[in-house]
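Notes for the one structure printed next.
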Amino acid sequence: AQTVTQSQPEMSVQEAETVTLSCTYDTSESDYYLFWYKQPPSRQMILVIRQEAYKQQNATENRFSVNFQKAAKSFSLKISDSQLGDAAMYFCAYRSRIRNTPLVFGKGTRLSVIA
Amino acid sequence: KAGVTQTPRYLIKTRGQQVTLSCSPISGHRSVSWYQQTPGQGLQFLFEYFSETQRNKGNFPGRFSGRQFSNSRSEMNVSTLELGDSALYLCASSLAHSGAGADTQYFGPGTRLTVL
């Protein structure tokens, strides 16, 4: 079974600085998707970024980018120019592209942004 | 497009009662998945429905059930509520064509269930 590990339960960053959240996963599959979701205090789970495993190019969405290392099974999220609104729980998630399987989530990293 | 909607947003029930939660997916999305989120267990998959058929099921007791209607709206039901069922229940929808693999899931705001 696939597993997703987020080794940093909590992190903090100064406003306007850059922070990187770590995620590793374990799978025997070669074709899959990886996601980062953000869950602010409102509890709404918001998609931040998605990466397709067959694409070597790292995904970017405005201030959010990932460092996808397929061989190392690593998928970190970099947030540049951090803003107060970035404060939230961040979840890394995996889903097989081949089989109908649900999202597998990590335990999450709570990010605080300091003004 | 409107996002995923869930009703009600908050529920308070007592042990032994049953509850029904509702989820309306994004227009055009045919797959609906349900997740339970608790501080201790994190996010756990309950079940997925596609075209009114349960396509996948997580490791939850039979007290947890669901269904999907022809308009893709979904309901989940929990019977004989236990204190441990207190959680945030999240619904997610995706395009997910039949037989296809992963597709991006978009989440609703959740229903906060408290069992007293």
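In order, the protein sequence lines correspond to chains F and E. Counting in the numbering used here, the first sequence runs from 1 upward without gaps. Counting in the numbering used here, the second sequence runs from 1001 upward without gaps. Glycine included, each C-beta is placed from N, C-alpha and C at the ideal position.
Asked, Found
"Neighbouring residues, chain F, relative to R1055(E) (Cβ below 7 Å)", "N100"
"Interface positions of the stretch 16–34 of chain F facing chain A (Cβ-Cβ less than 8 Å), listed along the chain", "No chain A is part of this structure, whose protein chains are labelled F and E."
"is_contact[R43(F), chain E] using C-beta, thresh 8 Å", "yes"
"Local conformation of G984(E) per DSSP, three classes", "Outside the modelled stretch of chain E, which goes from 1001 to 1116, sits residue 984(E), for which no answer is possible."
"Contact list for P1109(E) against chain F, beta-carbon separation under 8 Å", "S42, R43, Q44"
"DSSP-derived helix/strand/coil call for Y77(F)", "First, the amino acid is wrong: residue 77(F) is Leu here, not Tyr. Of the three classes helix, strand and coil, the one that applies to L77(F) here is strand, per DSSP."
"Beta strand (DSSP E) segment containing D26(F), residue limits", "24–26"
"Test item: CB-CB of V104(F) and Q2(F) under 8 Å", "yes"
"Local conformation of A1100(E) per DSSP, three classes", "Its pLDDT being 46, under 50, A1100(E) is placed unreliably in this model, and the coordinates cannot settle the point."
"Chain E contact for L47(F) (CB, 8 Å cutoff)", "yes"
"Cβ neighbour criterion (16 or more within 10 Å) applied to S82(F)", "buried"
"Cutoff 8 Å: G108(F) Cβ touching any chain E Cβ", "yes"
"Distance CB(T20(F))-CB(S112(F)) smaller than 8 Å", "no"
"CB contact check: F75(F) to chain E, cutoff 8 Å", "no"
"Inter-residue spacing [alpha-carbon to alpha-carbon] between G106(F) and F35(F)", "11 Å"
"Of the residues S1027(E), T1038(E), P1039(E), Q1044(E), the one placed nearest N1071(E), counting alpha carbons only", "S1027(E)"
"The stretch 1029–1037 of chain E / the stretch 1083–1095 of chain E touching (three or more Cβ pairs under 8 Å)", "yes"
"Interfacial residues, the stretch 1015–1034 of chain E to chain F, with Cβ spacing under 7 Å", "S1033"
"Residue of P1008(E), Q1044(E), E1052(E) minimising C-alpha distance to P1061(E)", "Q1044(E)"
"Alpha-carbon to alpha-carbon, G1040(E) and M89(F)", "15 Å"
"Sequence-distant residues of its chain with Cβ nearer than 7 Å to R1063(E) (five each side left out)", "V1078, S1079, T1080"
"Where R50(F) meets chain E, residues with beta-carbon distance less than 7 Å", "T1104"
"Proximal chain E residues relative to F91(F), where beta-carbon distance stays under 9 Å", "G1042, L1043"
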